[in-house]
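Chemist: Sequence order for the protein chains is B and W. The opening position of the first sequence corresponds to residue 0 in numbering that gives the first Met the number 0, with each subsequent residue numbered one higher. The opening position of the second sequence corresponds to residue 0 in numbering that gives the first Met the number 0, with each subsequent residue numbered one higher.
Number of protein chains: 2
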Amino acid sequence: MAVTPKPPGRFHHGDLRRALLDALAEALREDPPEALSLRDLARRAGVAHSAAAPHFGDKRGLLTAFATEGYQRLATAQRAAMAAAARDPAAQLAASGQGYLGFARENPGHFRLMMRADLVDGTNPALCAAQAAAWQPLAEAIAAGTPHLDAAERHARMVLAWSGVHGFAALAAEQAGPVLAGEAGLEAAEAALVEGLVGACLRP
Amino acid sequence: MAVTPKPPGRFHHGDLRRALLDALAEALREDPPEALSLRDLARRAGVAHSAAAPHFGDKRGLLTAFATEGYQRLATAQRAAMAAAARDPAAQLAASGQGYLGFARENPGHFRLMMRADLVDGTNPALCAAQAAAWQPLAEAIAAGTPHLDAAERHARMVLAWSGVHGFAALAAEQAGPVLAGEAGLEAAEAALVEGLVGACLRP
DNA sequence: GCCGCGAACTGACCATTGTCAAGTTCCGGC
DNA sequence: GCCGGAACTTGACAATGGTCAGTTCGCGGC
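#1: Note down, in chain order, every chain B residue with its Cβ under 9 Å from the Cβ of W/G101.
#2: Using the C-alpha atoms, what's the distance from B/D14 back to W/A183?
#3: Hey, is B/F167's beta-carbon within less than 9 Å of any beta-carbon in chain W?
#4: Leaving out five residues on either side along the sequence, give the residues of the same chain with a beta carbon under 6 Å from the beta carbon of B/E189.
#5: Count the CB pairs spanning the stretch 127-141 of chain W and the stretch 50-64 of chain W that are closer than 8 Å, and state whether there are at least three.
#6: Excluding five sequence neighbours on each side, which residues of the same chain lie with their C-beta closer than 6 Å to the C-beta of B/A129?
#7: Does the beta-carbon distance from W/F167 to B/V158 come in below 9 Å?
#8: List in chain order: all unbroken alpha helix (DSSP H) runs of 4+ residues lying wholly within the stretch 122-173 of chain B.
#9: Is there at least one Cβ from chain W nearer than 9 Å to B/Q174's Cβ?
#10: For B/G96, report the span of its alpha helix (DSSP H) as first-last.
#11: For B/L192 versus B/G96, is the C-beta spacing smaller than 9 Å?
#12: Go ahead and label W/D30 buried or exposed: buried means 16 or more other beta carbons lie within 10 angstroms of its beta carbon, across all protein chains shown.
#13: So with Cβ pairs under 9 Å, would you call B/P124 a contact of chain W?
#14: Would you tell me roughly how many angstroms separate the C-alpha atoms of B/A41 and W/M81, rounded to the nearest one?
#15: I believe W/L37 touches W/A51 by the beta-carbon criterion, under 8 Å. Please report the beta-carbon distance rounded to the nearest angstrom.
#16: Could one say the Cβ of W/H154 lies closer than 9 Å to chain B's Cβ atoms, at least one of them?
#17: My guess is that B/A160 and B/A74 are in contact by the Cβ rule of under 8 Å, so how many angstroms apart are they, rounded?
#18: Tell me, to the nearest whole angstrom, how far the beta carbon of W/A171 is from that of W/L179; I am working on the premise that it is less than 8 Å.
#19: Using only alpha-carbon positions, find the residue among W/G108, W/E186 and W/A89 that is nearest to W/V197.
#20: Can you pull the chain B residues whose beta carbon is under 7 Å from the beta carbon of W/S162, in chain order?
#21: With burial defined as no fewer than 16 other Cβ atoms inside 10 Å of the residue's Cβ, what is the status of B/R86: buried or exposed?
#22: Can you tell me whether W/S162 is buried or exposed, with buried defined as 16 or more other CB within 10 angstroms of its CB?
#23: Is it buried or exposed for W/P146, if we count other Cβ within 10 angstroms and need 16 for buried?
#24: Which residues in the same chain have their Cβ closer than 7 Å to the Cβ of B/G195, if we skip the five residues on either side of it in sequence?
#25: By the criterion of Cβ-Cβ separation under 7 Å, what are the contact partners of B/D117 in chain W?
#26: For a test of the three-state rule: what should DSSP assign to W/T75, helix, strand or coil?
#27: Inspect the beta-carbon positions of W/P136 and W/Q174 and report whether they are closer than 9 Å.
#28: Go through its chain and collect everything with a Cβ distance to W/L62's Cβ below 6 Å, but skip five positions before and after it.
#29: Strictly under 9 Å for the Cβ-Cβ distance: is B/L179 near chain W by that measure?
#30: What residue ranges within the stretch 33-85 of chain W form continuous alpha helix (DSSP H) runs of no fewer than 4 residues, ordered along the chain?
#31: For B/R115, does the count of other Cβ atoms within 10 angstroms reach 16, so buried, or fall short, so exposed?
#32: Along chain B, which residues have their Cβ under 8 Å away from the Cβ of W/G121?
#33: Give the interface partners of W/L37 over in chain B, defined as CB-CB distance under 7 Å, in chain order.
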């Protein structure tokens, strides 16, 4: 994840695309997504500010590519949590939620960027595919736990699960962390939330 | 809500504070929150580009004041929905959620602005007070429906309700409206979500 | 080996933005 | 009446993202 600056003297960078994405990751660990500046990222990569255009088109293109990687990591986080959990539907669904919340908690900048319709091009095909893939683990866990329900009702359960997890993550990342935490701490609140959601989603 | 431009010839506007807030509301109906420009708002109010400073300090100050009004309207929307609903706890809690979702659906720009930690000063006392007041109706509805629970468990239910409603509103406003809606439409999805949340929050 | 073609990259230019400093106009209290 | 201070204007500044004509380079064809 370390930014590889352009070798001095060289004209071509070699892998500027990767370097800019790494610079973005680095900058995002220091500042919130809205403070990102194309010029600063180019500086970090040791390159002129207009060098990103051939690779990403414009700033939005770069951020969109980064957000796409974020959705892939979000899916990975869920799958990893599910693999480590017991195989029964309730545990799997809980693990999926914990994976989602864990990613958001550990990568607040990345998560916030992904949810910003102004910074990211929501119509980008690669992004949409990654989004859909990130929604998959949750859908599978719900489907496995509710074999008796029809499609519409199952969709409603998915919306419930996704809204609950996403709302908590968004509130925690954006503003209201302390209020959510109560006196028991953020992770305890997370656990209670997941428990409540699993119960609501898998009820007969 | 119409912007009152400065009377031509006059030096003082009279109520520039109000005029700027109205201009902000107007601009927010045309463009997303991130496209707001202080200079454009001043133009709408018929005033120089730096005239906002004496009233609001800087751009954040103006947006924070507007967000504060948003939280007041959010609380009002919930109270209105609750007043129109049946008096039993489940109906009251559902009404609170519907009020929250209705406000977000009808004022997407305002809602998105309120949730943006970069545009709004989250430490502003007036804003914090309005936020707390907006969280009140939900808290009361939960408390009325769960008299048998202790404080910690009740807090967990509140977090569940708030996260669920907020997550849906945020996803719908920011990006994923169509996915949430399914084939039944957004309002149907809203209704199903609220029903699920009420059940989960008021379970014994 | 060399040559040319196209991609990668540079540097300058532009419009726009938020903030600041200094000046002007006006209201209200004395 | 006048005078202090608040409201407002004007002009300047630094920073940003986008564009565009050029320069430099890697690489495949000869």
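Note that beta-carbon positions come from the ideal geometry of N, C-alpha and C, so glycine has one too. Given the structure is predicted, the values throughout are model-derived calculations rather than measurements.
Modeler: Working from what's here:
#1: Proximity of chain B to W/G101 at the Cβ level (cut-off 9 Å) is not reached, the minimal Cβ distance being about 16 Å.
#2: 46 Å
#3: yes
#4: L100
#5: No, they do not touch.
#6: T67, Y70 and Q71
#7: For W/F167 and B/V158, yes; Cβs fall inside 9 Å.
#8: 124-144 and 150-173
#9: yes
#10: P88 to E105
#11: Yes. Within cutoff.
#12: exposed
#13: Not closer than 9 Å to any Cβ of chain W, the Cβ of B/P124 fails to qualify, so no.
#14: 53 Å
#15: Between W/L37 and W/A51 a beta carbon distance of about 6 Å is seen, short of the 8 Å cut, so the two are scored as contacting.
#16: yes
#17: The pair is not a contact, with the Cβ atoms about 15 Å apart (cut-off 8 Å).
#18: Your pair W/A171 and W/L179 checks out as a contact, with CB atoms roughly 6 Å apart and the cut at 8 Å.
#19: W/A89
#20: Those are G163, G166, F167, L170 and L192, listed as they occur along chain B.
#21: exposed
#22: buried
#23: exposed
#24: Within its own chain, no residue has a Cβ closer than 7 Å to the Cβ of B/G195 once the five positions on either side in sequence are excluded.
#25: P31 and E33
#26: helix
#27: no
#28: L118 and V119
#29: yes
#30: 37-43, 52-55 and 58-83
#31: buried
#32: Q174
#33: Those do not exist, as W/L37 stays about 16 Å from chain B at its closest Cβ, beyond 7 Å.
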